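Heads up: the structure comes next, in structure tokens.
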Amino acid sequence: METDILEMDDVAFALWGLKPTDSVTFEDLSAHIHPEDRGPVRAAFNAARAELGLYEIDFRIFVADTTRWISARGKGDDTEAAEQTLFGIFLDVSGRKHAEESHELLAGEMSHRVKNLLTIATGLTHITSRGAASAADMARDLTQRLSALGRAHDQVRPIAGSKPSGALLGDLLTILLEPYDEADLSGRVRVSVPRVAIGERSATALALVIHELATNSMKYGSLSTPDGRLNLTHSAEEEAAFVLRWIETGGPAIVGAPTTGGFGSKLIVRTVKADLGGSIDFDWAPGGVIITLTIDPERLPL
Numbered sequence: 001m002e003t004d005i006l007e008m009d010d011v012a013f014a015l016w017g018l019k020p021t022d023s024v025t026f027e028d029l030s031a032h033i034h035p036e037d038r039g040p041v042r043a044a045f046n047a048a049r050a051e052l053g054l055y056e057i058d059f060r061i062f063v064a065d066t067t068r069w070i071s072a073r074g075k076g077d078d079t080e081a082a083e084q085t086l087f088g089i090f091l092d093v094s095g096r097k098h099a100e101e102s103h104e105l106l107a108g109e110m111s112h113r114v115k116n117l118l119t120i121a122t123g124l125t126h127i128t129s130r131g132a133a134s135a136a137d138m139a140r141d142l143t144q145r146l147s148a149l150g151r152a153h154d155q156v157r158p159i160a161g162s163k164p165s166g167a168l169l170g171d172l173l174t175i176l177l178e179p180y181d182e183a184d185l186s187g188r189v190r191v192s193v194p195r196v197a198i199g200e201r202s203a204t205a206l207a208l209v210i211h212e213l214a215t216n217s218m219k220y221g222s223l224s225t226p227d228g229r230l231n232l233t234h235s236a237e238e239e240a241a242f243v244l245r246w247i248e249t250g251g252p253a254i255v256g257a258p259t260t261g262g263f264g265s266k267l268i269v270r271t272v273k274a275d276l277g278g279s280i281d282f283d284w285a286p287g288g289v290i291i292t293l294t295i296d297p298e299r300l301p302l
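In the numbering used here, the protein residues as written are 1 to 302.
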């Protein structure tokens, strides 16, 4: 122990990525230990040497261009009066450590997603409560809003635990608007957009917006009457942005923009700006509202 000379077998040398030699010291090995782990390893080694106790520590070493996790385990021995010795083993625990890191990342991602869902649910609850005439109305409207988010999520992530699949925007919009295309009036809701992939985050935001617009249309717009029609199309006029147009016809006559609530809800404006990097404009034409939804094309796949 006083000389700090270590005796290692060929397996240990291979584990450290070193050529076998008759003389190797703790300082020789220390040069290969990750800088962040070097101090704790040195402290554990010195403590075990001073007290001749058990030692066990996991740390990282550099082997060629890779990082390897090592677990050092052993104890001190002073049965020989002439000398004191530390003996132990080195284990390659890289697989276990990588699994633990993956688990931590997954747990962090799950925590992040749960917090986001709770934030969305809380916001939707407040918004729904302000416009509901009764508890039953609030329950119905809130359920519909949450269901819209669920359908969007199922479309983007059809298999539990899978990576985002980049669902098509047109398929997502069709699924979201399907509940508003009543069976006996089938065909009054039409979606015509290019084949564009959409990611999970954008799909969630767009689901909120589309549901709010459709709900308001069912209450006050073209979807509130049997003769009403809704066309959701894409405009190629702006090259730097992705533009959707929500065009309503055949509904009640519009005498002007609403003074409160309705299509201009804060939820829609905030969601489009924050999550889709765009804007939303309303044209309250007498024959039906025309809504222009501008989206940052770089946000769509996210």
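Just so you know, even glycine gets a beta-carbon here, dropped at the ideal spot from N, CA and C.
Since we're looking at a predicted model, the values are computed, not measured.
Taking only three categories from DSSP, how would you classify residue i?
| i | result |
| --- | --- |
| Asp22 | coil |
| Ile175 | helix |
| Ala207 | helix |
| Val193 | coil |
| Arg140 | helix |
| Glu167 | It is worth fixing the name first, because residue 167 is Ala in this sequence and not Glu. Here Ala167 sits in strand by DSSP. |
| Glu56 | strand |
| Gly250 | coil |
| Ala82 | Residue confidence for Ala82 is low, a pLDDT of 48 falling below 50, so the modelled location carries little weight; the figure read from the coordinates is stated next. Three-state result, Ala82: coil. |
| Asp28 | helix |
| Thr259 | coil |
| Leu146 | helix |
| Ser71 | strand |
| Gly39 | helix |
| Gly199 | coil |
| Arg245 | strand |
| Gly108 | helix |
| Ala160 | Here Ala160 scores only 45 on pLDDT, less than 50, and its place in the model should not be relied on; the value that follows carries that caveat. It is coil, neither helix nor strand. |
Contact defined as beta carbons within less than 8 Å: I believe residue i pairs with residue j. What is the distance between those atoms, to the nearest angstrom?
| i | j | result |
| --- | --- | --- |
| Thr294 | Val243 | 5 Å |
| Leu206 | Leu276 | 7 Å |
| Thr25 | Ile5 | 6 Å |
| Leu146 | Val189 | With a Cβ gap of about 21 Å, Leu146 and Val189 do not count as contacting. |
| Trp69 | Val41 | In fact, because the Cβ distance is near 12 Å, the residues do not count as touching under 8 Å. |
| Ala241 | Pro297 | 7 Å |
| Thr215 | Arg245 | Their Cβ separation, rounded to whole angstroms, is 19 Å, which puts Thr215 and Arg245 out of contact at 8 Å. |
| Gly74 | Gly95 | The pair is not a contact, with the Cβ atoms about 21 Å apart (cut-off 8 Å). |
| Gly250 | Gly278 | The pair is not a contact, with the Cβ atoms about 28 Å apart (cut-off 8 Å). |
Between the alpha carbons of residue i and residue j, how many angstroms are there, rounded?
| i | j | result |
| --- | --- | --- |
| Val289 | Ala139 | 28 Å |
| Ile247 | Thr143 | 26 Å |
| Val11 | Phe90 | 9 Å |
| Ser222 | Ala257 | 15 Å |
| Phe59 | Ala31 | 13 Å |
| Val255 | Lys219 | 16 Å |
| Leu213 | Leu232 | 11 Å |
| Ala136 | Thr125 | 13 Å |
| Leu54 | Leu86 | 9 Å |
| Gly264 | Glu104 | Reliability fails at Gly264, whose pLDDT of 45 lies under 50, so the model's placement of it is uncertain and no value is given. |
| Pro252 | Ala121 | 32 Å |
| Trp284 | Glu100 | 56 Å |
| His234 | Phe282 | 16 Å |
| Leu177 | Lys97 | 46 Å |
| Leu106 | Val114 | 12 Å |
| Asp154 | Thr271 | 20 Å |
| Thr66 | Arg299 | 35 Å |
| Ser129 | Ala43 | 60 Å |
| Asn46 | Ile61 | 19 Å |
Just reading off the beta strand (DSSP E) that residue i is part of, what are its end residues?
| i | result |
| --- | --- |
| Leu15 | From DSSP, Leu15 is part of no beta strand (DSSP E) but of the alpha helix (DSSP H) over 10–16. |
| Thr271 | From DSSP, Thr271 is part of no beta strand (DSSP E) but of the alpha helix (DSSP H) over 266–276. |
| Thr225 | Taken as a continuous stretch (DSSP letters only), Thr225 belongs to no beta strand (DSSP E), as it is neither H nor E. |
| Ala285 | 279–285 |
| Gly288 | 288–295 |
| Arg299 | It is not in any beta strand (DSSP E) - Arg299 carries neither H nor E in the DSSP assignment. |
| Ala234 | Checking the sequence shown, residue 234 turns out to be His, not Ala. Counting along the chain, the beta strand (DSSP E) containing His234 begins and ends at 229–235. |
So residue i is in the alpha helix (DSSP H); what residue range does that whole segment cover?
| i | result |
| --- | --- |
| Val93 | Looking at the DSSP string, Val93 is not in any alpha helix (DSSP H), and its letter there is neither H nor E. |
Any heavy atom of the ligand HEM closer than 7 Å to the CB of residue i?
| i | result |
| --- | --- |
| Glu239 | This structure lacks the ligand HEM, and indeed carries no ligand of any kind. |
Do the stretch 168–176 and the stretch 195–203 touch if we need at least three Cβ pairs shorter than 8 Å?
yes
Do the stretch 34–43 and the stretch 16–23 touch if we need at least three Cβ pairs shorter than 8 Å?
no
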